[in-house]
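As structure tokens, the structure follows; a few thoughts come after it.
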Amino acid sequence: MGKTPEHHGSVAVGVVDVTKRFGEFTAVDNISLDIHDGEFFSMLGPSGCGKTTTLRMIAGFEQPSLGEIFIHGQPVAGIPAYKRPVNTVFQNYALFPHMTVAQNVAFGLEMKKTPKAEIERRVGDVLELVRLPHLRDRRPKQLSGGQQQRIALARALVNKPEVLLLDEPLGALDLKLRKAMQLELKQIQAEVGITFIYVTHDQEEALTMSDRIAVMDAGIVQQVGEPREIYEHPQNRFVADFIGETNFVTGKVRELGHFTAIDLGELVVLGTADGRDLALGEEITLAIRPEKINLYPTGEVDVMKAGVDVDEIEQLFGGQIPDKKIDMREWLATEKNNVVVDGRVQEAIYIGTDTRYRVALANDASIFVRVQNFGSRYDQVFDTGSTVYVHWAAENAQVLTE
Amino acid sequence: MSTITTSPPKPTNLVKPRPKRQRGTAVRRHLLTWFAYGIFFFLYLPILVLIIYSFNANKVVGVWTGFTTEWYRVLFNNRAMIDAFKVSMWVATWSTLISTILGTLAAISLERYRYRGKLPFDAVMYLPIIIPDIVMALSALLFFVIVAIPLSRYTILIAHVAFNIAFVAVIVRSRLADMDRNLEEAAADLGANEWTAFRRVTLPLLMPAIVSGALLAFTLSLDDFVITFFVSGPGSTTLPVRVYSMIKFGVTPEVNAISTLMLVGSTFLVVLSLVLQRRS
Chain V
1 MGKTPEHHGS VAVGVVDVTK RFGEFTAVDN ISLDIHDGEF FSMLGPSGCG
51 KTTTLRMIAG FEQPSLGEIF IHGQPVAGIP AYKRPVNTVF QNYALFPHMT
101 VAQNVAFGLE MKKTPKAEIE RRVGDVLELV RLPHLRDRRP KQLSGGQQQR
151 IALARALVNK PEVLLLDEPL GALDLKLRKA MQLELKQIQA EVGITFIYVT
201 HDQEEALTMS DRIAVMDAGI VQQVGEPREI YEHPQNRFVA DFIGETNFVT
251 GKVRELGHFT AIDLGELVVL GTADGRDLAL GEEITLAIRP EKINLYPTGE
301 VDVMKAGVDV DEIEQLFGGQ IPDKKIDMRE WLATEKNNVV VDGRVQEAIY
351 IGTDTRYRVA LANDASIFVR VQNFGSRYDQ VFDTGSTVYV HWAAENAQVL
401 TE
Chain G
403 MSTITTSPPK PTNLVKPRPK RQRGTAVRRH LLTWFAYGIF FFLYLPILVL
453 IIYSFNANKV VGVWTGFTTE WYRVLFNNRA MIDAFKVSMW VATWSTLIST
503 ILGTLAAISL ERYRYRGKLP FDAVMYLPII IPDIVMALSA LLFFVIVAIP
553 LSRYTILIAH VAFNIAFVAV IVRSRLADMD RNLEEAAADL GANEWTAFRR
603 VTLPLLMPAI VSGALLAFTL SLDDFVITFF VSGPGSTTLP VRVYSMIKFG
653 VTPEVNAIST LMLVGSTFLV VLSLVLQRRS
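In the order they appear, the protein sequences are chains V and G. Oh and the first sequence: position 215 is 215 in this note's numbering, straight run, nothing missing. Count along the second sequence from 1, then add 402; that gives the number in this note's numbering.
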């Protein structure tokens, strides 16, 4: 959020305080990014968030209104697209329809006046890399979407760019092919070692492929981090909401400490503030992922029917699975970071891998819970209307201030 | 032996009875067909008559006496006619060449660039297509009189270029609008400067539209009568103007013959232009 990035030697692309306006509209609002050498870096956000504009500025198709862009330390302002050491894979591939596959791939090398023999060799090599050497004499129109995508990739990679820019290159492919191409792209990137800057609106795609992700919205970088960091520790409500599913509960800070106690009306729960400064009484939002919440039956139940992992039970009871009944609330209360509140199942939807529950809490708030269906005899099924204990670990509930 | 039990096929009435309304629509459909035939009849019968009578041995049009190619021979020995044909070809060739280049450039500038005065330029660009020929003709004549250019084959050329630009521009522009702008960016991205990107990517992709625009321009130039009639000077008569002056003395089989040749020529060019547009 407008912080000046630290500069070190391995920065492939530096975006420093860049703003881009189109007339009255600000597409990119004072962003700064450091993209490291050899990194698979994604810019993720909804359409209109400024990710493509940023990519186009790096490519040289647009000029920043303010700020500067560096490629390997060199400022690129005023350098036209055709002189920049970057190549782009376009969303619709933009293969030249009047040329064969080989002519398309050779285009960049011809522009650089590479000797004929070398062009021939490198075109062959790169077609080998994308595993389509047999299609070299075809026209783009004769290729499937997936093949066109790979040729577009080959046409860019053959020039050995310092940075490869990819603008939603998998957007036009069907789901299955997209998943396969995600892994293949990642593999090719590892093989060639070129810095990839990847623009996508698909959060799953970004999480799957990236070393680091910049989540963008409204022309602003909302958070930069590794996939796990972004998913587990979203910095604000937008990031938490955009990446995956999240429950939001708002309340006031009641107690500060290792975990923050939050007043939710009739409930007090715990969450983690990740070192953020909070004031008592401050209005905050708690974000909890549906899969990080557990449901347990209320009252004293047979241990084997509580839905607890069998290893955990053995650990707790010293390898002996007891005969007696237990109250899960009491058992969970032995750990200080456990949050247990009462709930009532409002809706249970079976979706194969998981069962999704909507659970009403004491203060009229309701949250979504995902329980994985392991298919073991310890699986718990709760009917609509049944009362449950709702449990999460405080470190999995993220306190958000904005 | 065990029997495989299958349920016997149910006697179903697969053929649905035709709804009664079908007959009414059939009658209507036939009416439409005959109506269409009627229209084609009135449109093309005169042309067919013209072609047939260009081979008529009798000099009186309307009285068929026998087949001959005599009139075509007469035609090719008619000096004035040959001269008019040469002027026509000269005007058509040069006006096509000039208007194709200018029209293509105009299309590119209108489709790809922003500049002051683009909107009014865009608006007047296609006027020659809409305004009546007679208005074009009069204004062209008036212009040449005012700037004191003597009427000659050059004034015909200028007038033809003026209206042909619009037709070329409209065809090239529609092709350009359909063309993926990313292709030009991709060329730049791969290291081609603006001129190289144009030469290697834009121009080859526009070529079918440019050629078809050129063919249309050539045809329009060859066929134009009204505008040419007004701006042609002594000794610079094109074929249509020559034909017009001939029929003042009556329709001869010779006129039929030259008309037939012009018809065949223009039809060929128009069809070629359409085929090229279709293929792009």
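We put the CB at the ideal spot given by N, CA and C, even for glycine. Owing to the predicted nature of the structure, the values given are computational and were not obtained by experimental measurement.
Can you list the residues of chain G that H391/V reaches, using a CB-CB cut of under 7 Å? Correct list: empty, because the minimum Cβ distance to chain G is about 52 Å.
Does any CB atom of chain V fall closer than 9 Å to the CB of L676/G? For L676/G, the closest Cβ of chain V is not nearer than 9 Å.
Taking H391/V as part of the alpha helix (DSSP H), name the residues at either end of that continuous run. Annotation for H391/V: no alpha helix (DSSP H) segment contains it, though the beta strand (DSSP E) segment containing it runs 387 to 393.
The ligand MG and T598/G: does the residue's C-beta get closer than 8 Å to at least one heavy atom of that ligand? In terms of ligand content, the structure shown is empty, and the ligand MG therefore cannot be addressed.
Could you give the C-beta distance for S456/G and L624/G, rounded to a whole number, given that I count them as a contact under 8 Å? Not really, about 18 Å apart at Cβ, beyond 8 Å.
Specify the secondary structure class of G2/V as computed by DSSP and reduced to three states. Note that G2/V has pLDDT 37, beneath the 50 cutoff, so the model's placement of it is unreliable and the number below is only indicative. Under the three-state reduction of DSSP output, G2/V falls in the coil class, being neither helix nor strand.
Between I551/G and the rest of its own chain, which residues show a CB-CB distance below 7 Å, the 5 nearest in sequence each way excluded? The answer, listed in chain order, is T557.
Could you check how far apart the C-beta atoms of E39/V and T195/V are, in whole angstroms? I think they sit under 8 Å. The pair is a contact, with the Cβ atoms about 6 Å apart (cut-off 8 Å).
Quick check: the Cα distance between Q372/V and N294/V, rounded to an integer number of angstroms? The alpha-carbon separation between Q372/V and N294/V amounts to approximately 10 Å.
According to DSSP, is V16/V helix, strand or coil? Under the three-state reduction of DSSP, V16/V is assigned to strand.
Three-state secondary structure (DSSP) of H432/G: Helix, per DSSP.
Going by C-alpha distance, which of V653/G, S675/G, F620/G, L578/G is nearest S511/G? With distances taken between Cα atoms, S511/G lies closest to L578/G.
Counted within 10 angstroms of its Cβ, other Cβ atoms place D302/V as buried (16 or more) or exposed: An exposed status is given to D302/V, since fewer than 16 other beta-carbon atoms sit within 10 Å of its beta-carbon.
Report buried or exposed for I649/G, applying the criterion of at least 16 other Cβ atoms within 10 angstroms of its Cβ. Exposed: under 16 other Cβ atoms inside 10 Å.
By Cβ distance, which residues of its chain are closer than 6 Å to E255/V, with the 5 residues on each side in sequence left out? Apart from the 5 residues on each side of it in sequence, E255/V sits with its Cβ closer than 6 Å to the Cβ of A261 in its chain, given in chain order.
Three-state secondary structure (DSSP) at F457/G? Looking at F457/G - three-state DSSP - the assignment turns out to be coil, as it is neither helix nor strand.
Looking only at its chain, what residues have a beta carbon closer than 6 Å to the beta carbon of A206/V, apart from the 5 residues adjacent to it on each side? Here the set comprises S42, L44, T200, I213.
By the DSSP assignment, the alpha helix (DSSP H) with R691/G in it spans what residues? A question about residue 691/G goes unanswered here, because the residues of chain G that appear run from 403 up to 682.
Determine, using beta-carbon pairs with one atom in the stretch 278 to 297 of chain V and one in the stretch 232 to 241 of chain V, whether at least three such pairs fall under 8 Å. Three or more pairs of CB atoms, one per stretch, sit closer than 8 Å, so the stretch 278 to 297 of chain V contacts the stretch 232 to 241 of chain V.
Would a C-beta distance cut-off of 9 Å place L55/V and I220/V closer than the cut-off? Contact flag unset, no.
Name the one or two DSSP bridge partners that K325/V has. For K325/V, which the question treats as bridged, DSSP gives the partners D302/V.
Residues that E184/V bridges to, as DSSP identifies them: In the DSSP output, where bridge partners are listed per residue, E184/V has none listed.
Classify F620/G as buried or exposed, calling it buried when 16 or more other Cβ atoms lie within 10 Å of its own Cβ. Counting of Cβ neighbours within 10 angstroms places F620/G among the buried residues, the total reaching 16 or more.
Got a sec: which bits of the stretch 577 to 590 of chain G sit with their beta carbon under 8 Å from any beta carbon on chain V, in order along the chain? Listed by position along the chain: D582, N584, L585, E587, A588, A589, A590.
What runs of the alpha helix (DSSP H), each 4 residues or longer, lie entirely inside the stretch 588 to 663 of chain G? 596 to 599, 605 to 625, 628 to 633, 641 to 649, all fully within the stretch 588 to 663 of chain G.
Beta carbon of V13/V, beta carbon of F70/V: below 9 Å? Closer than 9 Å, so yes.
Can you name, in chain order, every residue of its own chain whose Cβ lies under 7 Å from the Cβ of A360/V, other than the five neighbours on each side? Annotation for A360/V: G343, R344, Q346, S366 place their beta carbon closer than 7 Å to its own, counting only its chain and skipping 5 residues before and after.
Counting only beta-carbon separations shorter than 9 Å, does V123/V have a partner in chain G? Cβ-Cβ to chain G under 9 Å: no for V123/V.
Where the beta strand (DSSP E) containing M216/V begins and where it ends: In the DSSP assignment, M216/V falls within the beta strand (DSSP E) that extends over 212 to 217.
Under 8 Å Cβ-Cβ, which residues of chain G neighbour K112/V? Listed along chain G, the residues sitting closer than 8 Å to K112/V by beta-carbon distance are G593.
Sheet register partners of G225/V (DSSP bridge): The partner list for G225/V (beta bridge, DSSP) reads I213/V.
Collapsed DSSP secondary structure at L95/V in the structure displayed: Reduced to three states, the DSSP call for L95/V is coil.
Relative to chain G, which residues along the stretch 65 to 85 of chain V have a C-beta separation below 9 Å, given in chain order? Going along the stretch 65 to 85 of chain V in chain order, one finds P80, A81, Y82, K83, R84 with a Cβ nearer than 9 Å to chain G.
Listed from N- to C-terminal order along the chain, which residues in the stretch 39 to 61 of chain V have their beta-carbon within a distance smaller than 9 Å of any beta-carbon of chain G? Per Cβ criterion, the list reads R56, A59, G60, F61.
Leaving out the 5 sequence neighbours to the left and right, which residues in its chain are closer than 8 Å to K3/V when beta-carbon positions are compared? Caution applies to K3/V, whose pLDDT of 37 falls short of 50 and renders its modelled position unreliable; the value that the coordinates give is listed next. Result list for K3/V: S32, in chain order.
Could you spell out the range, first to last residue, of the alpha helix (DSSP H) harbouring L109/V? Boundaries of the alpha helix (DSSP H) harbouring L109/V: 101 to 111, taken from the DSSP string.
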